[in-house]
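Enquirer: Before I ask anything, let me first share the structure, which is written out below as structure tokens.
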Amino acid sequence: MGMTMVEKILADHSGRKSVRPGDLVNAKVDVVMCNDITAPIAINEFRKLGVKKVFDPSRVMMVMSHYVPAKDIASAEQARTAKVFAEEQGCVFYDAGKGGIEHILLPQEGQVVPGDIEVGADSHTTTVGALGALACGFGSTDAAIAMATGELWFRVPRTIRFIYHGKPASWVRSKDIILYTIGKIGTDHATYACMQFEGEALREFSMDARFTITNMVAEAGGKCGVIPVDDVTLNYVTPRAKRPWKVYDSDSDAQYSETFEWDISNLGPLIAKPFSPDNVVPVDEVVDEKVKIDQVFIGSCTNARLEDLQEAAAVMRGNKVADHVRCIIIPATQEVYKQALHEGLIDVFMEAGATVGAATCGPCLGGYMGVLAEGEKCVSTSNRNFPGRMGHVRSETYLSNPSVAAASAVLGRVAHPGEILSVDPIAAGSV
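To convert a position in the sequence shown, counted from 1, into my numbering, add 529.
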């Protein structure tokens, strides 16, 4: 009986010929990542182990991403703890002005490649699975063990297969595909499962778009998510990779716990209403409700890549943010910011009346740079909209793709981008 992609990765990394769902394995890891919030806890646990050095400094990444630049003394101390440890150990360290959001930064820098196992002390580590890697979020204690030993135990996950047919319609992005999926299966159906995404519809998407899909695996309860490697993947990886990679494909007789197969040709843009990522409805339905908003956030590890900013700028170009709306746009990394400057996207945002911030997670986690007050409503391109996620427990967050968010900023309510532009510039190939 054959194996899935993830089963093959775990078998290879644990020195076994084969594995099956439910097996417990001790696997060698390729990358360990911590951010400014999780690093101090992991470092403290690492010290308790009595180990003097990390297993491989070039494979241990400290990324200052959530509160960068530091928002207060506590966050400054967290970053300093990570910096001192990285200097002591020789780890890879990305500070303000040199990095950005970890799940976008590490693939961009070639630090994670196909076939890798990445252990990340953050739930959205699953993002990197779009490269054909096994990337999982863990607690800081697990990260400490991995930093010390270069290994970690795994229970081999079952794999759920998702196959998408058809061609995306106008204004439909990869964010809509994953919202549709979560809306169908719920936020816990994939608990401790690998979500494997494939089909001709996905081949239409760039790597920027694919990362959005695997990013939100966590919102379905998944352990990890993967997209099979193809030419799009290799064209992205080849100029960036810092080391060799290995491509794993599922066997034709691999066993899946379930298979979901959908034609997305007639799908329109979607939105997740408060207070859950699976509370998904067509954008048109909320447009009819005339939901007035206070803030729009275009950013996060879900939708802050260059392509996302291009989509937002196409809608906002020549328009103004509504007077009663704050529009906050935060590029994912320093490199994305520079590319956006070069393309004139930042000028578009500034002329529209948006605020553009330094590369960071921003208000996604309710930390700073756009925290919501009681009763405020926000359209966000991020991944979570639970009560209190972006601020006050009685604020409300709607999750959408960047085009919908940009249109909402201009019209001051939840809006469809077709209300501003008659032709989708992405579908028309003009962006």
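A virtual CB, placed ideally from N, CA and C, is assigned to each residue, including glycine. All values derive from a computational prediction rather than experimental measurement.
1) DSSP on T567, reduced to helix/strand/coil?
2) Mind listing, in chain order, the continuous alpha helix (DSSP H) runs of no fewer than 4 residues lying wholly within the segment 606-671?
3) Below 6 Å CB to CB, which residues in the same chain sit around G695 once its five sequence neighbours on both sides are set aside?
4) Let's test the definition: count the other Cβ atoms within 10 Å of the Cβ of D717 and tell me whether it reaches 16, buried, or not, exposed.
5) Run through the segment 893-954 for me and flag every whole alpha helix (DSSP H) of 4 or more residues, listed as ranges in chain order.
6) Unbroken alpha helix (DSSP H) runs of length 4 or more, entirely within the segment 721-779: which are they?
7) Whose C-alpha, out of N573, T567, V809, G639, is nearest the C-alpha of S587?
8) Mind listing, in chain order, the continuous beta strand (DSSP E) runs of no fewer than 3 residues lying wholly within the segment 785-855?
9) Counting pairs of Cβ atoms below 8 Å between the segment 826-839 and the segment 617-632, do you hit three or more?
10) In this structure, does DSSP put K557 in helix, strand or coil?
11) Going by beta-carbon coordinates alone, are K704 and T743 separated by less than 8 Å?
12) From the DSSP output, in three-state form, read off G531 for me.
13) Throw me the rounded Cβ distance for the E680 and A556 pair, which I believe falls under 8 Å.
14) So, are the CB atoms of F789 and F915 less than 8 Å apart?
15) Can you tell me whether E680 is helix, strand or coil according to DSSP?
16) Pull up the CB-CB distance for V561 and M590, whole angstroms please, since I reckon it's below 8 Å.
17) Indicate the three-state DSSP secondary structure (helix, strand or coil) for V589 in the structure shown.
18) Does the Cβ-Cβ distance between L796 and A698 come in under 8 Å?
19) In angstroms, rounded to a whole number, what distance separates the CA positions of P773 and K546?
20) Does DSSP classify T889 as helix, strand or coil?
21) Whole angstroms are fine: how far does the CA of P811 sit from the CA of V952?
22) Look at the alpha carbon of Y897 and the alpha carbon of Y596, and state the distance between them as a whole number of angstroms.
23) 8 Å is my cut-off, CB to CB: does P798 come that close to chain C?
24) Going by Cα to Cα distance, which pick from P686, M879, L874, V548 is closest to V850?
25) Please classify T767: is it buried, with 16 or more other beta-carbons within 10 angstroms of its beta-carbon, or exposed?
26) Check whether the segment 833-845 and the segment 599-614 are in contact - that is, three or more C-beta pairs closer than 8 Å.
27) Using three-state DSSP, classify I875 as helix, strand or coil.
28) Helix, strand or coil for F584, going by three-state DSSP, please let me know.
29) Do G661 and M534 count as a contact pair if the criterion is CB distance below 8 Å?
30) Using a Cβ-Cβ cutoff of less than 7 Å, which residues in the same chain neighbour I706 once the five nearest sequence positions on both sides are dropped?
Expert: Considering the structure as presented:
1) coil
2) 631-637
3) A730, D792, I793, S794
4) exposed
5) 931-940
6) 736-744, 760-766
7) G639
8) 787-792, 799-801, 809-811, 824-827
9) yes
10) strand
11) no
12) strand
13) 7 Å
14) no
15) strand
16) 7 Å
17) strand
18) yes
19) 22 Å
20) coil
21) 19 Å
22) 7 Å
23) Absent here is chain C; the protein component of the structure consists of one chain.
24) M879
25) exposed
26) no
27) helix
28) coil
29) yes
30) Y693, I742, I793
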